[in-house]
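Okay, so here's the structure we're looking at.
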Amino acid sequence: MELTGTILRGRTFEPVEGRVVVDDEGRIEAIEETAVESSDIVLPAFVNAHTHIGDSIAKEAGRGLSLEELVAPPDGLKHRLLRDASQAELVEAMGTPLRFMHESGTAACLDFREGDVAGVRALKEAADGTDVDALAFARGSVEAMEEGDGFGASGANDDDFEYERRATREAGKPFGIHAGE
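The opening residue of the sequence shown carries number 237 in the numbering used here; numbering runs sequentially from there.
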């Protein structure tokens with residue numbers, strides 16, 4: 237496949253006129269500078285490096301609440317809604333932002349995945365059949381991290397996460413943390 241137009245390439249998105257040659261697996265084989273008739277703009281897909289797709293079921297529920305009333309475990313509104321939802325409802329709700337990501341050019345997301353192993357599996361199920369690579373930064377247990385793509389700690393002040401950090405490192409997976417919460 238060839239994509240032609242103004243190509244935004246490299247780390248600085250240098251604009252060059254030409255074509256991008258893509259193999260059957262979607263990998264770029266070559267970027268060729270050449271005159272083309274296309275006015276399209278060809279750029280890398282977006283990656284959303286911090287999502288909470290599982291919270292989609294509670295997206296509009298928190299208007300007017302403080303952050304603590306909304307998300308503080310274990311009884312913040314978000315946690316109650318997540319507890320009360322069935323697995324099928326969670327998977328269905330997660331599908332909506334994944335479809336939106338695909339439609340708006342986002343190829344991958346790193347999701348801070350609550351719900352332990354079941355939460356990781358729900359994200360995988362929701363992403364199945366989409367063209368979005370949804371990576372699960374699991375929380376809840378080391379088993380969830382092993383099922384997912386890494387560990388996603390809730391906040392730097394919640395724990396030292398020594399055990400989880402060690403297990404994540406030994407598994408060769410990334411450890412993410414909410415540094416600003």
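All C-beta atoms, glycine included, are put in the ideal place defined by N, C-alpha and C.
Would you decide whether residue i is buried or exposed? Buried here means 16 or more other CB atoms lie within 10 Å of its CB.
i, result
"I289", "buried"
"K295", "exposed"
"P280", "exposed"
"I293", "buried"
"M237", "exposed"
"G412", "buried"
"E304", "exposed"
"E400", "buried"
"T342", "buried"
"G312", "buried"
Measure the alpha-carbon distance for residue i versus residue j and round it to whole angstroms.
i, j, result
"H414", "A285", "12 Å"
"D385", "A370", "9 Å"
"G246", "A321", "44 Å"
"A374", "D395", "16 Å"
"C345", "A372", "9 Å"
"F249", "V278", "10 Å"
"A363", "G388", "18 Å"
"R405", "E398", "11 Å"
"S302", "A266", "50 Å"
"T270", "E339", "29 Å"
"P251", "R299", "42 Å"
"M381", "P310", "20 Å"
"G262", "P410", "25 Å"
Of all the options the options, which has the alpha carbon lying nearest to the alpha carbon of residue i?
i, options, result
"S377", "A403, M330, A324, T366", "A403"
"M337", "F282, E383, A324", "F282"
"S390", "D347, R405, A354, D364", "D347"
"D259", "I277, D364, L239", "L239"
"P383", "E250, E398, G408, T332", "For the record, residue 383 in the displayed sequence is Glu; it is not Pro. When only C-alpha atoms are compared, the closest one is G408."
"K360", "P310, Q323, E339", "Q323"
So, are the CB atoms of residue i and residue j less than 9 Å apart?
i, j, result
"V327", "A358", "yes"
"A329", "K314", "no"
"V356", "L334", "no"
"E350", "L318", "yes"
"G254", "I264", "no"
"V353", "E325", "no"
"E268", "V256", "yes"
"D276", "G241", "yes"
"G331", "T287", "no"
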